[in-house]
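The next block holds one structure in the form of structure tokens; read it before the comments.
In our numbering, the protein residues as written are 164 to 295.
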């Protein structure tokens, strides 16, 4: 399969994932509102609800971040820069794009960025930053 065909399939994958995330975020928001509207229960219920709220809030944050990354990738499709490393300007390998369709850099530039941002660390604990 040619690179252009694969890129078009990735575009469709991004659109489908975007739709799924948007539905999920909408459902998560609705669930949080419903849980806060109940207001009944004892101290243990309130503690359990608080813990669940924290989990739901973090999930919502992760989903929102991914949605932003997908929107940025779709914008790169529109301006013609999708699949090109924002650092070195070379094409991002298809295998990398297939693994994470919204990446903005090639693996070499990503590794270099991680080395710069993680002095003394062996590649663990830093921000991954796939979408800038």
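Yeah, the Cβ is synthetic: ideal placement off N, Cα and C, and Gly gets one too. Owing to the predicted nature of the structure, the values given are computational and were not obtained by experimental measurement.
Query: DSSP-derived helix/strand/coil call for residue 267; Result: coil
Query: Three CB pairs or more closer than 8 Å across the stretch 208-227 and the stretch 252-259; Result: no
Query: Segment contact flag, the stretch 180-188 with the stretch 271-281, C-beta cutoff 8 Å, min 3 pairs; Result: no
Query: Bridge-paired residues (DSSP) for residue 247; Result: 254
Query: Rounded straight-line distance, which links the Cα of residue 192 to that of residue 245; Result: 31 Å
Query: Coil, strand or helix - residue 226 by DSSP; Result: helix
Query: Three-way DSSP call (helix, strand, coil) for residue 281 in this model; Result: coil
Query: Helix, strand or coil at residue 276 according to DSSP, with G and I counted as helix; Result: helix
Query: Residue 165 (DSSP reduced to helix, strand or coil); Result: coil
Query: Cα-Cα separation, residue 180 to residue 210; Result: 33 Å
Query: Nearest neighbour of residue 177, chosen from 196, 220, 265, 274 [CA to CA]; Result: 265
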